[in-house]
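**Q** Take this structure, written in structure tokens, and hold onto it; I'll ask about it next.
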Amino acid sequence: MSDVTIKRALLSVSDKSGLIELGQALGKHGVELVSTGGTAKALREAGLEVKDISDLTGFPEMMDGRVKTLHPKVHGGLLAVRDNPEHVASMNEHAIGAIDLVVVNLYPFAATVAKGADREEIIENIDIGGPSMVRSAAKNHESVAIVTDPADYARLIAEMEQKGGATSYDFRRILAAKAYAATAAYDSMIASWFAFVDQGVDFPETLAVSSKLGSTLRYGENPHQSAALYLPVGPTANGIAQAQQIQGKELSYNNYNDGDAALELVSEFRDGPPTVVIVKHANPCGVATGDTLIEAYEAALACDSVSAFGGIIAVNRPLDGPTAEAISGIFTEVVAAPDADEDAKAIFAKKKNLRLLLTGELPDPARPGLMMKSIAGGMLVQSRDNGRITRDQLKVVTKRAPSEQELADALFAWTVAKHVKSNAIVYAKDNSTAGIGAGQMNRLESARIAAWKAKDAAEKAGWSEARTIGSAVASDAFFPFADGLLAAVDAGATAVIQPGGSIRDEEVIAAADEAGLAMVFTGMRHFRH
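When we follow the numbering used here, the leftmost residue of the sequence shown carries the number 2, and every step to the right adds one.
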């Protein structure tokens, strides 16, 4: 495929950034500029000679600009195969001139939705002519260059400088691929808005999902796997993917995965007192709140200081120097915080491999959204687990009701259990996790592992007893048998919070009464696979 000299360019852009510099560069190569509306006005004001699209088509812009480029003299000039005699004859017969370059970026549909515009304005920001020109130019990339991203203007200018005003086939092919991705993303945003917002459908017949490459990663979960980070196209909640990395090595696939788990959990406490979450392999190994961040960190670390080594830490307050100093006492992969003061940054600067991520406002744990998981031959999609339980929704099912402290510990344990892989058991006392059992095939083993971890933590800290003594215990799903509950009794728990709903609930309640426990049902489970 040969180079194509750009003789005529059609420019119609919503985003005017870089437009004047591009127009000047095209003018330098003697390119005839054809443009529309505001784009033509901006180019003329910069002193560039521009032909209106109406001069090309012989028709004025009409219907509030809805019909301006939808014309054979535009699309014929884009789609004509230049070495096809019949196409050339048609161009000559109908005075259709070839268009060698199209520069288009589309109406700001996503931005219009994000600002809360009404339905009429949103509909008006669905671009028709732009995507049509993009697709026509991209299809005929053998002869036409299509630029949809202002970030590519510099590449286009450099290409033309190198090729004496022409573009190469390889360059046009790259631009065409990017152009079709741009229209696909644009259409997916529109389809999603119609389905989820305008129609209120939970699961549309066709789920249009569009993402943009954020970065390629060193490898995936294991070195033999390749990986990349993709970012949603259109409005989205800020999360670990949007965090600003202040220092440290490049984030890995596992860093992002674990960082997301830590941030989602600490966000449950975004309006609460200072809270610290320590995560290892996507499971929390220590969570605590305190009067200060450093107090919360020390309590969270004490829950399982062994697992915390090489872990991920997330906090719900701007990071301060004393807390950063304490965190620096052990090897930590990533620290995520809404912000950090200069003392904290200076302390972490001494740990060159530690990644410090500043997230800004924490995501809303109650936000809606979809979660997706690929399986062989398909995709599982579900709504986010944004279910929350208040004190008023709890049902006391035992003879003894929980004390205020037991109730507070139970709700704390329940919040953490929501973010622990099933089967999940969490003991909590005084706003701190005492023991966490995660990911076991049966609930009894999770209860035993959590209790064993609590005993181990007590021995390491030199405490007289494990913090499970006098604790509240949370189970992410019901106890199918009384044995798991009795394991919690053996660990020293005095209160239980669980969903209920087992056919053996009465048996479990009877065991709780016999042991003198207070137990509440939530009516909601939090499986996390």
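No residue lacks a Cβ here, since even glycine has one placed at the ideal position from N, Cα and C.
Quick one: does the C-beta of valine 32 sit closer than 6 Å to a heavy atom of the ligand GDP?
**A** Although the ligand GDP was asked about, the structure shown includes no ligands whatsoever.
**Q** Give the single residue among Ser36, Glu299, Thr113 and Glu46 whose Cα lies nearest to the Cα of valine 75.
**A** Closest option to valine 75, Cα to Cα, is Ser36.
**Q** Quick one: residues in its chain with C-beta nearer than 6 Å to the C-beta of leucine 358, no 5 flanking neighbours on either side, listed in chain order?
**A** For leucine 358, where only same-chain residues beyond five positions count, the Cβ hits under 6 Å are Ala244, Gln246 and Ala337.
**Q** Kindly indicate if chain D contains any beta-carbon less than 7 Å away from that of proline 339.
**A** This model lacks chain D altogether, as it is built from one protein chain only.
**Q** Does the distance from the CB of aspartate 477 to the CB of alanine 425 come in under 7 Å?
**A** Result yes, Cβ atoms of aspartate 477 and alanine 425 sit closer than 7 Å.
**Q** According to DSSP, simplified to helix, strand and coil, what is serine 268?
**A** Looking at serine 268 - three-state DSSP - the assignment turns out to be helix.
**Q** Compute the beta-carbon to beta-carbon distance between arginine 303 and leucine 320, rounded to the nearest angstrom, for a pair I have assumed lies under 8 Å.
**A** Reading off the sequence, residue 303 comes out as alanine, not arginine. That pair is no contact at about 19 Å.
**Q** By how many angstroms is the C-alpha of glycine 130 removed from the C-alpha of lysine 42?
**A** Distance between the alpha carbons of lysine 42 and glycine 130: 19 Å.
**Q** Would you mind reading off the limits of the alpha helix (DSSP H) that contains proline 323?
**A** 322-328 is the extent of the alpha helix (DSSP H) around proline 323.
**Q** With DSSP collapsed to three states, give me the class of methionine 92.
**A** Helix, per DSSP.
**Q** Using CA atoms only, rank isn't needed, just tell me which of Ala462, Glu507, Thr293 and Lys250 is closest to phenylalanine 482.
**A** When each option's Cα is compared against that of phenylalanine 482, the closest is Glu507.
**Q** Using DSSP with H/G/I as helix, E/B as strand and the rest coil, what is tyrosine 108?
**A** In the structure shown, tyrosine 108 sits in coil (DSSP, three-state: anything other than H, G, I, E or B).
**Q** Hey, would you say leucine 80 sits closer than 7 Å to serine 137, going by beta carbons?
**A** Yes, the pair counts as a contact, with Cβ atoms nearer than the cut-off.
**Q** Using a threshold of 7 Å, state whether the C-beta atoms of threonine 237 and methionine 134 are closer than that.
**A** Not in contact: threonine 237 and methionine 134 (Cβ atoms no closer than 7 Å).
**Q** Going by Cα to Cα distance, which pick from Asp188, Ala196 and Gly28 is closest to glycine 234?
**A** Looking at the sequence provided, one finds valine at residue 234 rather than glycine. Residue Asp188 is the option with its Cα nearest to valine 234.
**Q** To which residues does DSSP link glutamate 33 through a beta bridge?
**A** Arg9, per the DSSP bridge assignment.
**Q** Taking buried to mean at least 16 other C-beta atoms within 10 Å of its own C-beta, is isoleucine 504 buried or exposed?
**A** It counts as exposed.
**Q** Quick check: the Cα distance between isoleucine 175 and alanine 146, rounded to an integer number of angstroms?
**A** So the two alpha carbons sit approximately 9 Å from each other.
**Q** Count the other C-beta atoms from every protein chain shown that fall within 10 angstroms of the C-beta of aspartate 272, then say buried if there are 16 or more, exposed otherwise.
**A** So aspartate 272 counts as exposed.
**Q** Can you give the Cα-Cα distance for aspartate 1 and glycine 39, rounded to whole angstroms?
**A** With the chain covering 2 to 530 only, the question about residue 1 has no answer from this structure.
**Q** Any idea if glycine 330 is buried or exposed, counting beta-carbon neighbours within 10 angstroms, 16 or more meaning buried?
**A** The residue is exposed, with fewer than 16 neighbouring Cβ atoms inside 10 Å.
**Q** For lysine 374, which three-state DSSP category applies?
**A** Correct three-state label for lysine 374: strand.
**Q** Decide yes or no for the touch test of the segment 455-468 against the segment 430-438: beta carbon pairs closer than 8 Å, at least 3 of them.
**A** In short, these stretches touch, since the Cβ pair count reaches three.
**Q** Quick one, which of Thr217, Ala473, Pro500 and His527 has its alpha-carbon nearest leucine 518's?
**A** Closest option to leucine 518, Cα to Cα, is Ala473.
**Q** Let me check understanding here. Comparing Cα to Cα, which of Met442, Ile437, Gln441 and Gly524 lies closest to lysine 454?
**A** The residue with the shortest Cα to Cα distance from lysine 454 is Ile437.
**Q** Can you list, in chain order, the residues of its chain whose CB lies under 7 Å from that of threonine 184, leaving out five sequence neighbours each side?
**A** So the list reads Pro132, Val135 and Arg136, once near-sequence residues are dropped.
**Q** Go ahead and label histidine 420 buried or exposed: buried means 16 or more other beta carbons lie within 10 angstroms of its beta carbon, across all protein chains shown.
**A** By the 10 Å Cβ count, histidine 420 comes out buried.
**Q** Taking the straight line between their C-alpha atoms, what separation do you get for glycine 77 and tryptophan 194?
**A** Cα to Cα, the separation comes out at about 32 Å.
**Q** Assuming contact is defined by CB atoms lying nearer than 7 Å, are valine 5 and alanine 167 in contact in what I supplied?
**A** Cβ atoms of valine 5 and alanine 167: closer than 7 Å.
**Q** State yes or no: is the C-beta of methionine 161 within less than 7 Å of the C-beta of alanine 111?
**A** No, these two residues do not count as a Cβ contact at 7 Å.
**Q** Give the C-beta separation of leucine 12 and leucine 34 to the nearest angstrom, bearing in mind that I take them to be a contact with Cβ-Cβ under 8 Å.
**A** Between leucine 34 and leucine 12 the Cβ distance is about 6 Å, and since that is below 8 Å, they are a contact.
**Q** Given that a residue counts as buried once 16 or more other Cβ atoms are within 10 Å of its Cβ, and exposed if not, what is methionine 372?
**A** So methionine 372 counts as exposed.
**Q** With a threshold of 8 Å, are at least 3 pairs of Cβ atoms found where one atom belongs to the segment 310-318 and the other to the segment 275-285?
**A** Flag = yes, the segment 310-318 and the segment 275-285 touch.
**Q** Using only CA atoms, which one of Ser447, Gly287, Phe197 and His30 lies nearest to lysine 8?
**A** Per the Cα distances, His30.
**Q** As an exercise, report each continuous beta strand (DSSP E) stretch of at least 3 residues that is fully enclosed by the segment 189-237, in chain order.
**A** If we require 3 residues or more, the beta strand (DSSP E) runs fully inside the segment 189-237 come out as 212-218 and 228-233.
**Q** Please specify which runs of the alpha helix (DSSP H), each continuous and at least 4 residues long, are wholly inside the segment 465-504, giving them in chain order.
**A** The segment 465-504 contains these whole alpha helix (DSSP H) runs: 483-492.
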